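Chains A and B are the protein sequences, given in the same order. Be aware that the first sequence starts at 1069, since it is given in the working numbering, and climbs by one per residue. Be aware that the second sequence starts at 277, since it is given in the working numbering, and climbs by one per residue. C-beta atoms are modelled at their ideal positions from N, C-alpha and C, and glycine is treated no differently. Quantities reported herein were computed from a predicted structural model and do not represent experimental measurements.
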Amino acid sequence: MGIRRNHDSHAGGRTSLVLVALLALVVSACGTSSPSDSGSGKVKVFGAFATQIEEPWDGVIHAALEAEKAAGRIDYTFADDIGYAGDMERVLRQTSEEEKPDIIFGDAFGNEEAVRAVAADFPDIAFVFGSGGGPAEPNFSVFDNWIHEPAYLAGMLAGGITQTNVIGVVGGIPVPEVNRIVNAFIAGAQATNPAVEVKVTFINSWFDPGAAKEAALAQVGADADVLYAERFGVIEAAQENDLVAIGNMSDQKALAPANVVTSVTWNMGPTVKYVIDQVMAGSYTSQDLKDFSMVGKGGAALAEINTDVPGGLPEGLVADVQAREAEIKAGTFRVDINEGQPPGSTIAGG
Amino acid sequence: MTLLIDLLAATLRNATPLVYGTVGETYAERGGVLNLGIEGTMYAGAFVGFAAALATGSPLLGLVAAVGVGLLSGAVMALLTVTFGANQHVSGIGLTIGLIGASEFANRLIFRGGELQRIEPMPLINPLPDVGPVSAVFSQYGLTWVAFLLVVPLAWWVLQRSSFGLEIRAVGENPEAADAAGVSVPRTRYLALMIGGALMAVGGAFFTLALLGSFTLDIIAGRGWVCIALVIFGRWRIGRGVVGALLFSLIYSLQFRLQILPGFGDLPFELLLALPYLVVIGALALSGRNVAYPGAYLKPYRRS
């Protein structure tokens, strides 16, 4: 577009600048919730999220904290949509100084340095953040969504269900958190179906459900008859073509009850409960809370299996999956953690 | 063969929101106003359409609501740029930021960050007789049929053949002459922006009412900006803009099918995802030389 100076619109320019400023106010106002009253003796918890809580990852953390609030154990306030442009440090510092919460939960991805710097300056507050790094003394604990175990189980189901021997996976961005669940899913599919071919598409976005659906439809065009929906938009493609889908992050059966066979779910409940208990007992220390997001402690699970899906489930498949699930819980079977980027098309043995 | 049929069906499907957006933006720009509010208008159309459909249980009423918010959005853009004569770039970007913020605010107020809600989306329909596997190409959403069979021909006819279209083009090329000939410049620009806004909003509502049946953040994902480029690619002609939308959509749909072919594994998927954008940039660079912008492009009109 050509840039043309416009000499007779100064007044108008000012009007629209005011408008932009007003709009910016409205936008930023939606992010912060009002602080609640303190002094009730409950543990005071603050949530600091880089994305909006409608984003599934942060949504899981938020949901667990809301549940503790509903149970009356904590006072909970949060700020979301803080972004990656430097506001995280300001929000954390301001909250730590003015609100003095006992615990701050949040996601540190994309804001690692800022979050760790603030944590070091407020050693009396427990900082518990989703992070790809390790914990730091004395008060910085980390967690992550370690849902590769239910992803493996879902892969076993998909491998058993597929009649075309082609399975589709649509993922957001190939970061370690996504790669390890996709790789575990592929390993599970190969465990029940040595002839399976797994097609993997990344849309390079955490949202864009339109693109996710198109990626899934392309896989359906290439004969995929079971789709794993790491992102929103994929279950819709399965429903439209009367195929089987597997949800992710939370139980997504409600999106298409006749098509979703199960979901790979993450539950922050055990992590949140453990940290609050520790803080209440005065015994909080910094640590890697990984185990609390795994199957053993209930932080990850395969949602209830729905056998009433198109084509049905073969005899004995559910029993096989449940047997493997029991082995994982008992600690006698370990799902490999592989964080390398899976290729677009993986053929078993190939 | 099946790949080709699948690809053609996908091309028409994915071109649909771009066609609504491109035709809508063409109306605004032929009237002399660059409407960068398109991304926000599509977003608001997607959200309001979904919320209304969920509340009433009728995707059709959702569509009506989307048209309403599009008309309103066009009117606000007209108020800023026609009545106040404000800078069009700033007004448009402000409108986009404002509409996205307002939609997400309303989304939070209504749904409280809970589980994703879904409506029964508009179904695929195929009014043509079954002629074997090729029929799959014509299994499309109602909004796709309406876009190609109704909106595009009608929009072309109105703009190029009707006296109202002549007025739009006149106020966009030479508002002084149009004014002297008795055409109300503000009224015509208001109408062009409002018609354009309604079309953009329908393009956005396509995602929530037909393609997905749900509203998620960032659902438009920059497709409004693609439409801005397509209007220039089409040199402000409806037909050429639609061809551009089809070309973009063809490559967009093709790359998803290439990514999962064995043998394409070594190619970075980011490159394939960027392909449609690279082609449009290339096409713009080639076809963009010597383009004639509408004469009154970006200029507010004042009688003096």
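- Taking a beta-carbon distance threshold of 8 Å, Phe326/B does not count as an interface residue toward chain A.
- A check of alpha carbon separations from Val1266/A across Pro1242/A, Arg1184/A, Asn1233/A, Val1328/A identifies Asn1233/A as the nearest.
- The distance from the Cβ of Val1250/A to that of Val1268/A is about 6 Å, consistent with a contact at the 8 Å cut-off.
- Contiguous alpha helix (DSSP H) elements confined to the region 412 to 472 of chain B occur at 418 to 422, 428 to 437, 439 to 449, 451 to 456, taking only those with 4 or more residues.
- Using a CB distance cut-off of 8 Å, Phe1270/A counts as an interface residue toward chain B.
- Nearest to Asp1293/A by alpha-carbon distance, out of Gly1350/A, Gly1256/A, Ile1235/A, Ile1271/A, is Ile1235/A.
- A buried status is given to Val1377/A, since no fewer than 16 other beta-carbon atoms sit within 10 Å of its beta-carbon.
- Closer than 8 Å at the C-beta level to chain B, one finds these residues of the region 1288 to 1303 of chain A: Gly1289, Ala1290, Phe1300, Gly1301.
- Apart from the 5 residues on each side of it in sequence, Glu1395/A sits with its Cβ closer than 6 Å to the Cβ of Phe1401 in its chain, given in chain order.
- Tyr573/B and Gly308/B do touch by the CB rule: their CB atoms are close to 6 Å apart, below 8 Å.
- In the structure shown, the three-state DSSP call for Asn1251/A is helix.
- Excluding the 5 residues flanking it on each side, Ala1204/A has same chain C-beta neighbours closer than 8 Å at Arg1184, Ala1187, Ala1188, Ser1354, in chain order.
- Per DSSP, Gly571/B lies in no alpha helix (DSSP H) segment and is marked neither H nor E.
- Close CB contacts of Val434/B within its chain, under the 7 Å cut and outside five residues either way in sequence, are with Phe440, Gly441 (chain order).
- The region 534 to 550 of chain B makes no contact with the region 1304 to 1316 of chain A; the number of CB pairs closer than 8 Å stays below 3.
- The Cβ-Cβ distance between Leu279/B and Gly1289/A falls below 8 Å.
- Residue-level contact by beta carbon fails for Phe1114/A and chain B, as no gap is shorter than 8 Å.
- Distance from the CA of Glu1123/A to the CA of Leu493/B, rounded to the nearest whole angstrom, comes to 8 Å.
- Contact between Glu443/B and Thr464/B holds: their C-beta atoms lie close to 5 Å from each other, under 8 Å.
- Counting along the chain, Tyr1144/A sits inside no alpha helix (DSSP H); it lies in the beta strand (DSSP E) bounded by residues 1142 to 1147.
- In its chain, beyond the 5 residues on either side, Ala412, Val413 have a beta carbon closer than 6 Å to the beta carbon of Ala285/B.
- Restricting attention to Asn1272/A, Pro1410/A, Asn1261/A, Thr1330/A, the CA atom closest to the CA of Leu1295/A is found in Thr1330/A.
- Shown here, Ile395/B sits in coil according to DSSP, grouped into three states, outside any helix or strand.
- Arg289/B is positioned such that its CB atom lies closer than 8 Å to that of Gln416/B.
- Exposure of Pro403/B is indicated by the presence of fewer than 16 other C-beta atoms within 10 angstroms of its C-beta.
- Annotation for Glu1265/A: the continuous beta strand (DSSP E) segment containing it runs 1265 to 1270.
- Using a Cβ-Cβ cut-off of 8 Å, Leu1311/A does not count as an interface residue toward chain B, since no Cβ of chain B sits closer than that to its own.
- According to DSSP, Ala1194/A shares a beta bridge with Ile1171/A.
- Partner residues in the beta bridge of Phe1114/A, as assigned by DSSP, are Thr1145/A, Ile1172/A.
- Met398/B has its alpha-carbon roughly 23 Å from the corresponding atom of Gly498/B.
- Assignment of Thr1232/A by DSSP, reduced to helix, strand and coil, places it in the coil class.
- Distance from the Cα of Leu547/B is smallest, within the candidate group Asn1309/A, Leu1323/A, Ile1271/A, Tyr1342/A, for Ile1271/A.
- Your pair Ala342/B and Gly325/B checks out as a contact, with CB atoms roughly 4 Å apart and the cut at 8 Å.
- For the region 1119 to 1138 of chain A, residues whose beta-carbon sits nearer than 8 Å to a beta-carbon of chain B comprise Gln1120, Ile1121, Glu1122, Glu1123, Gly1127, His1130.
- Within a 10 Å sphere around the beta-carbon of Gly390/B sit fewer than 16 other beta-carbons, which makes this residue exposed.
- The Cβ-Cβ distance between Asp1126/A and Asp1148/A falls below 8 Å.
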